[in-house]
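Q:
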């Protein structure tokens, strides 16, 4: 069996994907790997023989500590989808040749549901050629939409960012004694987990978002306008959280209300922007009240300056657990997080067959979406509140967070 | 002379305007004021007799400490402009009647250049009727555009937020091995101080924004596209910081390139949104590269979760200095910050006649804008870097920053 390990990062970045990388790296060394390589830009980069010996770029524990507090994907990422291995084995032959050259025994891939497809196919191809390389997935996505895991590393930090800045936006929106409407647009194409995190803004010192709209529930434009009109009778300033992916009952995205020529990303997903803007313009024209749209955009996925300490720790543990599983002979599996206690919150790592995760999507349970689809239940709060706990502040140098980069 | 003090907040909120309020409040008590009232929603609220006894809402030092770490204007704000006191004295008579009822001896107003106009007029009217009330201004604006002061409380925190999130956006933008353009739109109608803070992102771990465009320099669309095209030859990912207020040589705002029907705010200023979006669309169509626009919007003015410790301290000192000046008999003046040493940075409070500040605007010196108007000089960095130093983290409760509110 190969003496070395290789690890890649895939899909959209998060505030803690590098903490998982740190967990993989340090656990590989602890488990006896001779070298740990990092793929540059995922398997797509590996196919071009782009990789790095992590010992050369993480020489001391200070670099590893910085890595845990650096957002985005240190190694670079890709959105590359492997072809079917039975009909197009050439790519696999090429990849396994590179892995052989590097004397790889363990292969780790940190990513979301699209990326787990890569692990699934590599493990299957590996089995078909009797390879002894072990392929393990490490979960990662701000979207929290992976099946089989209590939650995903990356979600807690995005949720902490969303709830915290929403509190700031709510304070800001109350500053003048006039009617105002603020719409905060949050990521989430099909699953509303991120937007649901807006519910965590509500606390003793903040009444929270007045209305929260997730893609799980069909969006009714007229009912929306009426809700806001009614709220305005008792409240001058209204703050609304809305998912970029909210859809009308006929399946059209709300952001398509004004535009039909949306661009398409490399996966063929429609690019969604402007949902908040569309709704703000709608309210301005129908209610005559100034409405502002704030799009959290990529800020919400890379805000390591307000990352959740719990999330950073769990991301690290997930990386380490994948290594230990590989060392024990597991392959074709993905690490999951398993909550074993609610109050106090306790969570451990677990393993799942990768087919139970790849290409599937977990949505917010409909029973957690209450008040005509405009608020989240206490069951959601109990679920999500522990995930945003504690802080691991950046290392500030000259007033700004210090990062590590290649 | 009246035994009590009153304090108001005016204009746009900041992350540290409440720290100035805390400074006014605690210094008033220390200087012997019997009661300290807070105007609700500035003088506009005061005219409707909306005020609060601060002792009732800030009963212990924990509330005062929370106040320092709470964004936006605790008392509420207004954008009310007093009429000319010589031609319309009725409003003044009404205001002074209320001040007499409350037995006010000291009147403090925390605000920017529009708000200082209020202090200027009240002091002038007061002098004309031989009032012994002392009127003092406390500077506040994220825009940093007040004359006569080294910088304004509020700017340092906004600059720390802008430079920190820009570093995170730059890390995020580098994640895929493909060409990308990110345009970050930053506040600033006429003065480019906030956008200039993007230059603070550059450091040993970050190459910083590739291009920075301030309203001080006329924006040339063709030159801009050519700059980006040239940069793309050597760099896949390009991040551009642009002020919402950049204007063409003919005086039109860049955001007017696609729209002529911009709304107007209560001061008659044109509402500027979409500059980043306009430029991103322009680059996408001319260069064929996906371009993303991120608008920092109100997030940049209320981000107390990453406030500058230096800024919080100076805002508090500015509030306190106004009180001490009033206690010594000053009126019709505004506190300024005076830098007395560069390295190490040292700054003290000073006093200026309010006429030297009200309604004027300080822009970024042209000699600090270099490289064809696309970068800031080291003189700017030396000026701004000290203002974003040190951190005073929020009090986190249940994972989110705790605020205080009325």
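Residue numbers (our numbering), protein chains in the order written: chain A, 3 to 408; chain B, 3 to 408. Note that CB positions come from ideal geometry on N, CA and C, so glycine has one too. Fair warning: this is a prediction, and the values are worked out from it, not measured in the lab.
I'd like to know if residue 96 of chain B contacts chain A, where contact means its C-beta is closer than 8 Å to some C-beta of that chain.
A: Position 94 of the second chain, counting from 1, holds the residue named residue 96 of chain B. By this cut-off, residue 96 of chain B is not an interface position.
Q: On the criterion of 16 or more Cβ atoms from any shown chain inside 10 Å, does residue 321 of chain B qualify as buried, or is it exposed?
A: Counting from one through the second chain, the residue named residue 321 of chain B turns up at place 319. Counting Cβ neighbours within 10 Å, residue 321 of chain B comes out buried, since at least 16 surround it.
Q: May I ask which residues mark the beginning and end of the beta strand (DSSP E) holding residue 294 of chain B?
A: As a working note, residue 294 of chain B is residue 292 in the second chain. Unbroken beta strand (DSSP E) run through residue 294 of chain B: 293-297.
Q: Below 8 Å on the Cβ atoms is my contact criterion, and I expect residue 313 of chain B with residue 205 of chain B to pass it. Report the Cβ-Cβ distance as a whole number of Å.
A: In the second chain, the residue the question calls residue 313 of chain B occupies position 311. In the second chain, the residue the question calls residue 205 of chain B occupies position 203. About 19 Å separates the Cβ atoms of residue 313 of chain B and residue 205 of chain B, ruling out a contact at the 8 Å cut-off.
Q: Taking DSSP's pairing of strands, which residues face residue 354 of chain B in a bridge?
A: To locate residue 354 of chain B, count along the second chain from 1; it is residue 352. Paired residue(s): B/336.
Q: Helix, strand or coil for residue 172 of chain B, going by three-state DSSP, please let me know.
A: Along the second chain, read from residue 1 onward, the residue named residue 172 of chain B stands at position 170. Residue 172 of chain B: helix per DSSP, three-state reduction.
Q: 8 Å is my cut-off, CB to CB: does residue 387 of chain B come that close to chain A?
A: As a first step, residue 387 of chain B is located in the second chain; it is residue number 385 there, counting from the start. Closer than 8 Å to some Cβ of chain A, the Cβ of residue 387 of chain B qualifies, so yes.
Q: Would you mind reading off the limits of the alpha helix (DSSP H) that contains residue 195 of chain B?
A: One-based indexing of the second chain puts residue 195 of chain B at position 193. Counting along the chain, the alpha helix (DSSP H) containing residue 195 of chain B begins and ends at 195-198.
Q: Mapping DSSP to helix, strand and coil, what is residue 348 of chain A?
A: Looking up residue 348 of chain A in the first chain gives position 346. Strand, per DSSP.
Q: Report the rounded CA-to-CA distance for residue 389 of chain A versus residue 209 of chain B, giving the unit in angstroms.
A: Taking the first chain and counting its residues from 1, the one referred to as residue 389 of chain A is at position 387. Taking the second chain and counting its residues from 1, the one referred to as residue 209 of chain B is at position 207. Taking the straight line joining both Cα atoms gives about 33 Å.
Q: Excluding the 5 residues flanking residue 74 of chain B on each side, which residues of the same chain have their C-beta closer than 6 Å to its C-beta?
A: Working through the second chain from its first residue, we reach residue 74 of chain B at position 72. Here the set comprises 15, 304.
Q: So, do the segment 39-47 of chain B and the segment 76-91 of chain B have three or more beta carbon pairs nearer to each other than 8 Å?
A: yes
Q: Hey, could you find the ends of the alpha helix (DSSP H) residue 289 of chain B is sitting in?
A: As a working note, residue 289 of chain B is residue 287 in the second chain. Start and end: 277-289.
Q: Using beta-carbon positions only, say whether residue 369 of chain A and residue 354 of chain A come within less than 8 Å of one another.
A: Position 367 of the first chain, counted from the first residue, corresponds to residue 369 of chain A. Position 352 of the first chain, counted from the first residue, corresponds to residue 354 of chain A. For the 8 Å CB-CB criterion, residue 369 of chain A and residue 354 of chain A do not form a contact.
Q: Is the shortest distance between the beta-carbon of residue 398 of chain A and the beta-carbons of chain B less than 8 Å?
A: Taking the first chain and counting its residues from 1, one reaches residue 398 of chain A at position 396. The beta carbon of residue 398 of chain A sits closer than 8 Å to some beta carbon of chain B.
Q: Between the segment 139-147 of chain A and the segment 247-260 of chain A, do at least 3 Cβ pairs fall closer than 8 Å?
A: Taking 8 Å as the limit for Cβ pairs, the verdict is that the segment 247-260 of chain A does not touch the segment 139-147 of chain A.
Q: Just to confirm my understanding: we take residue 68 of chain B, look at its own chain, exclude 5 residues before and 5 after, and list those with CB closer than 6 Å. What are they?
A: Position 66 of the second chain, counted from the start, is the residue given in the question as residue 68 of chain B. Around residue 68 of chain B: 406.
Q: Okay, do the segment 27-35 of chain A and the segment 166-180 of chain A touch, 3+ Cβ pairs below 8 Å being the bar?
A: no
Q: Do residue 359 of chain A and residue 189 of chain A have their CB atoms nearer than 8 Å?
A: If you number the first chain from 1, residue 359 of chain A lands on position 357. If you number the first chain from 1, residue 189 of chain A lands on position 187. No.
Q: Hey, residue 77 of chain B and residue 10 of chain B are a contact pair by Cβ (cut 8 Å); roughly how many whole angstroms apart?
A: Working through the second chain from its first residue, we reach residue 77 of chain B at position 75. Working through the second chain from its first residue, we reach residue 10 of chain B at position 8. Indeed they touch by this definition, with Cβ atoms about 6 Å apart.
Q: Per DSSP, what kind of secondary structure is residue 115 of chain B in: helix, strand or coil?
A: The residue you call residue 115 of chain B lines up with position 113 of the second chain. Helix.
Q: By Cβ distance below 8 Å, which residues in the same chain neighbour residue 242 of chain B in space, the five residues on each side in sequence not counted?
A: Counting from one through the second chain, the residue named residue 242 of chain B turns up at place 240. Closer than 8 Å at Cβ, skipping near neighbours: 183, 184, 185, 186, 211, 212, 213, 214, 215, 230, 281.
Q: Under DSSP, the alpha helix (DSSP H) around residue 98 of chain A begins and ends at which residues?
A: The residue given as residue 98 of chain A occupies position 96 in the first chain. In the DSSP assignment, residue 98 of chain A falls within the unbroken alpha helix (DSSP H) covering 92-103.
Q: Going by C-alpha distance, which of A/293, A/221, A/352 is nearest residue 374 of chain A?
A: Residue numbering aside, residue 374 of chain A sits at position 372 when the first chain is read from its first letter. Of the listed residues, the one whose Cα sits closest to residue 374 of chain A is A/221.
Q: Against chain A, does residue 381 of chain B count as a neighbour if the rule is that its beta carbon must be under 8 Å from one of theirs?
A: Start at 1 with the first residue of the second chain, and residue 381 of chain B comes out as number 379. Chain A, which has no Cβ nearer than 8 Å to the Cβ of residue 381 of chain B, makes this no.
Q: Where residue 138 of chain B and residue 154 of chain B are concerned, what is the direct C-alpha to C-alpha distance, given to the nearest angstrom?
A: Taking the first residue of the second chain as position 1, residue 138 of chain B is located at position 136. Taking the first residue of the second chain as position 1, residue 154 of chain B is located at position 152. Each residue's alpha carbon lies about 16 Å from the other.
Q: Going by C-alpha to C-alpha distance, which of B/5, B/8, B/6, B/20 sits closest to residue 408 of chain B?
A: Working through the second chain from its first residue, we reach residue 408 of chain B at position 406. Checked all of B/5, B/8, B/6, B/20; the closest Cα to residue 408 of chain B is B/20.
Q: Under 6 Å Cβ to Cβ from residue 268 of chain B, same chain only, skipping five residues before and after it: list those, please.
A: Here residue 268 of chain B refers to the residue found at position 266 of the second chain. The predicted model places residue 268 of chain B with a pLDDT of 44, which falls under 50 and marks its position as unreliable, so this point remains unresolved.
Q: Examine chain A for any beta-carbon lying closer than 8 Å to the beta-carbon of residue 170 of chain B, and answer yes or no.
A: Along the second chain, read from residue 1 onward, the residue named residue 170 of chain B stands at position 168. For residue 170 of chain B, the answer is yes, since a Cβ of chain A falls inside 8 Å of its Cβ.
Q: Can you list, in chain order, the residues of the segment 281-304 of chain B whose Cβ is nearer than 9 Å to any Cβ on chain E?
A: Absence of chain E from the displayed structure is noted, the protein chains being A and B.
Q: Which residues does DSSP pair with residue 141 of chain B in a beta bridge?
A: Walking along the second chain from the start, residue 141 of chain B turns up at place 139. Answer by DSSP bridge pairing, in chain order: B/113.
Q: Note down, in chain order, every chain B residue with its Cβ under 7 Å from the Cβ of residue 15 of chain A.
A: Against the first chain, residue 15 of chain A aligns to sequence position 13. In chain order: 174, 177.
Q: Should residue 141 of chain A be labelled buried (16 or more other beta-carbon atoms within 10 Å of its own) or exposed?
A: Locating residue 141 of chain A in the first chain gives position 139, where the first residue counts as 1. Buried, by the Cβ-count rule.
Q: Look at residue 352 of chain B and residue 329 of chain B and say whether their C-beta atoms are less than 8 Å apart.
A: Counting from 1 along the second chain, the entry for residue 352 of chain B is found at position 350. Counting from 1 along the second chain, the entry for residue 329 of chain B is found at position 327. No, these two residues do not count as a Cβ contact at 8 Å.
Q: By Cβ distance below 6 Å, which residues in the same chain neighbour residue 365 of chain A in space, the five residues on each side in sequence not counted?
A: Numbered from its first residue, the first chain carries residue 365 of chain A at position 363. So the list reads 193, 218, once near-sequence residues are dropped.
Q: Taking the CB atoms as reference points, tell me whether residue 122 of chain B and residue 357 of chain B lie closer together than 8 Å.
A: Looking up residue 122 of chain B in the second chain gives position 120. Looking up residue 357 of chain B in the second chain gives position 355. Going by C-beta atoms, residue 122 of chain B is nearer than 8 Å to residue 357 of chain B.
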